[in-house]
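**Q** In my numbering, the protein residues as written are 7 to 198.
Attaching a single structure in structure tokens format; questions to follow.
Below, the structure written as structure tokens:
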């Protein structure tokens with residue numbers, strides 16, 4: 007079965023919009039919690055940890071939120087990858103299942119000018135932000151993302167592992183994998 011050539015990218019944009027909106031809502035509810043980072047974008051492949059604490063204009067919080075397309079498989083029983091033989095005589099109802107990775111990075115406390123490590127208070131504050139960010143990404147996938155599809159039952163997806171990444175350099179954050187059953191349609195009659 008064929009798919010809209012823009013569906014992979016459009017799904018990544020929907021994931022980004024949901025996470026950014028949830029981060030903004032959470033910041034309004036939780037004192038001291040930064041909202042959606044000023045650097046929020048769909049990226050090609052694994053993101054570079056360029057800007058987790060850079061200068062932001064317009065008052066947006068520092069950090070980096072990215073979504074990238076990671077892989078895709080054919081599935082006839084989502085989310086399992088199909089191992090069925092496909093071809094013109096085998097009319098199995100396969101559809102694409104795409105894996106995306108959401109990465110949210112914030113500033114990590116580091117050594118001060120005197121070479122001293124961060125205090126326990128600084129580490130605890132960073133750990134709190136990380137934990138609230140993890141819950142926000144979870145909530146975005148559970149509450150916002152299902153409604154981004156016109157399908158009767160909403161988006162069909164499976165949440166993968168969420169894990170802490172870093173600290174590395176001045177950054178620490180979370181990475182969330184999600185596999186989405188993409189919509190497909192019949193192949194056009196004029197197919198090559």
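Just so you know, even glycine gets a beta-carbon here, dropped at the ideal spot from N, CA and C.
Relative to the alpha-carbon of residue 157, which residue among 14, 187, 172 has its alpha-carbon at the smallest distance?
**A** Selected option, being the one with the closest Cα: 187.
**Q** Would you list the residues sitting across from residue 130 in a DSSP beta bridge?
**A** Paired residue(s): none; residue 130 is not in a bridge.
**Q** Helix, strand or coil: how does DSSP classify residue 9 here?
**A** Reduced to three states, the DSSP call for residue 9 is coil.
**Q** Residue ranges of each alpha helix (DSSP H) run of no fewer than 4 residues wholly in the segment 121-179, ordered along the chain?
**A** Entirely contained in the segment 121-179, the alpha helix (DSSP H) runs reaching 4 residues are, in chain order, 126-145.
**Q** Quick one: Cα of residue 24 to Cα of residue 107, how far?
**A** C-alpha separation (whole angstroms): 14 Å.
**Q** Report yes if the CB atom of residue 132 is closer than 8 Å to the CB atom of residue 32, and no otherwise.
**A** No.
**Q** Indicate the three-state DSSP secondary structure (helix, strand or coil) for residue 283 in the structure shown.
**A** This structure gives no information on residue 283, because the portion of the chain shown stretches from 7 to 198.
**Q** According to DSSP, residue 78 sits in a beta bridge with which residue or residues?
**A** Answer by DSSP bridge pairing, in chain order: 104.
**Q** I think residue 160 touches residue 153, with their Cβ atoms under 8 Å apart; what is that distance to the nearest whole Å?
**A** 6 Å between Cβ atoms; contact.
**Q** Taking C-beta to C-beta, are residue 178 and residue 112 nearer than 8 Å?
**A** A contact, by the Cβ cut-off of 8 Å.
**Q** Can you grab the Cα-Cα spacing for the pair residue 103 / residue 9, in whole Å?
**A** About 11 Å.
**Q** Taking 8 Å as the cut-off, decide whether the C-beta atoms of residue 109 and residue 136 are in contact.
**A** Cβ distance not < 8 Å, so residue 109 and residue 136 don't count as in contact.
**Q** Going along the chain, which residues of its own chain have a beta-carbon closer than 7 Å to the beta-carbon of residue 28, five neighbours each way excluded?
**A** Same-chain partners within the cutoff: 142, 145, 146, 150.
**Q** Check the C-beta distance from residue 26 over to residue 42 and give it rounded, since I have them as a contact under 8 Å.
**A** Contact holds; Cβ gap of about 4 Å.
**Q** Judging by CA-CA distance, which residue of 99, 121, 78, 124 is the nearest neighbour of residue 184?
**A** Among 99, 121, 78, 124, the Cα nearest to that of residue 184 belongs to 78.
**Q** When the Cα of residue 134 is compared with those of 39, 18, 124, 21, which residue comes out closest?
**A** The option with the nearest alpha carbon to residue 134 is 39.
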